[in-house]
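Note that the sequence shown covers residues 921 to 1237 in the numbering used here. Down below is the structure, laid out as structure tokens.
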Amino acid sequence: MSGNLSRSMRENYDTHGVDEYYKIVGTSYRNPHFPGIKQSVNIVMNKWWQNEAKRMSEDSDAGILICDLAAGSGEVTAALQEWWETCRTRVVPPVHTTSNASQLPAITPSRPAFVPTGRPAVSRPTVSRPMPTTKSGPSLHAPSPLISATNPAPRIVAVDPYTADAYLQRTGLPCIALSFQDVAQDGLPPPPENPLARPELSESNSAPRPEQDGTNSMPLADGPVSEPQLAPEPDANTRELYNLVICSFALHLVTSPGALFALLSTLSYGAQWLVVLEPHKKPEIKEGWGWILWDVTSWKEAEAGPGKDVDFVKESV
């Protein structure tokens, strides 16, 4: 069986059930909303890198650790790879001066600047160009950061119980077959010991996991592609903490509040940040479930409430 059966995911789920549907289309699953997913990933990564991840990367020789949770056919991984490649190859345009300006004589001060005795000279402060603003505040669309070639590439660990074959076909990378229930019970998997090859990015259409259409809102070291070689199972308290977990078009499938709480609570012990991409407002992540709402635009805790619509990521408490 190939394709996504029906374009209506609600019809697919009603006809086959969620588990059986993904077993049927596990190899051929595609999400047609890849452009929206990629845009959302770019927005979040630009802001997250500038405010958090740049420091994390500088403090680590291994590179930031990201989990593509419920990875599907690799839409998030492909978006991350493209984002990383763009930031690594982005060229800052040179500053051009006009011919008239270049002919102006250099201005020298009439006398040396006065520096009080015992006080070191302080250079003139530089002022950054302000971010573009909208009527509601700063723009979400921050420019892509310029990432040095010396920065270690992010490590991406993909998890999905059904679509490992589709993920491998698209990205050339392995995917660990774990369900939400597995993660809730045992936590996120430890990262592979050996870095995996970064595949050439392939263009393909990407069918939604959700019941509705639409969406709200890396290169790895060279080497053979193989099944991930996991380190010996460490104690949960000594596992390496994931810097970021991205769950795209899937978390709403956890319909039981108890199961959702168990999953989110476990994730809060294994990751610093959680990004949820969904085509609607589900699922509701309640206070006390291990995460706080974060406003991506202003990069501070979100002021959620009636009538307030914010783009957000989740940060562990």
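We put the beta carbon where it would ideally sit given N, CA and C, even for glycine. Remember, it's a predicted structure, so these values are computed and weren't measured experimentally.
query: Start-to-end residues for the beta strand (DSSP E) that takes in W1211; result: 1211–1215
query: Counterpart residues of R1075 in DSSP-defined beta bridges; result: L985
query: Residues near A1182 by beta carbon distance below 7 Å, same chain, minus five either side; result: A1104
query: Exposed unless 16 or more other CB atoms sit within 10 angstroms - verdict on D1080; result: buried
query: Enclosing alpha helix (DSSP H) for W1003 [first to last residue]; result: 995–1009
query: Secondary structure of E972, DSSP reduced to three states; result: helix
query: Beta bridge counterpart(s) of E1221 as assigned by DSSP; result: W1214
query: Of the listed residues A1170, E1160, A1062, nearest to S1099 (C-alpha basis); result: A1170
query: Contact set for P1203: own chain, Cβ-Cβ below 7 Å, skip 5 residues either direction; result: L1171, H1172, V1174, L1180
query: Contact the region 974–988 vs the region 1211–1226: 3+ CB pairs below 8 Å; result: no
query: Delimiting residues of the alpha helix (DSSP H) encompassing V1103; result: 1100–1106
query: With 16 other Cβ atoms within 10 Å as the buried cut-off, status of G992; result: buried
query: Distance, G956 Cα to E1005 Cα; result: 19 Å
query: Whole-angstrom C-beta distance between W1211 and L1184, which should lie under 8 Å; result: 6 Å
query: Helix, strand or coil at I1205 according to DSSP, with G and I counted as helix; result: coil
query: Contact belief for G1107 with T1186 at Cβ below 8 Å, rounded distance in angstroms; result: 6 Å
query: CA-to-CA distance, R1090 to G1057, given in whole angstroms; result: Residue confidence for G1057 is low, a pLDDT of 48 falling below 50, so the modelled location carries little weight and cannot support an answer.
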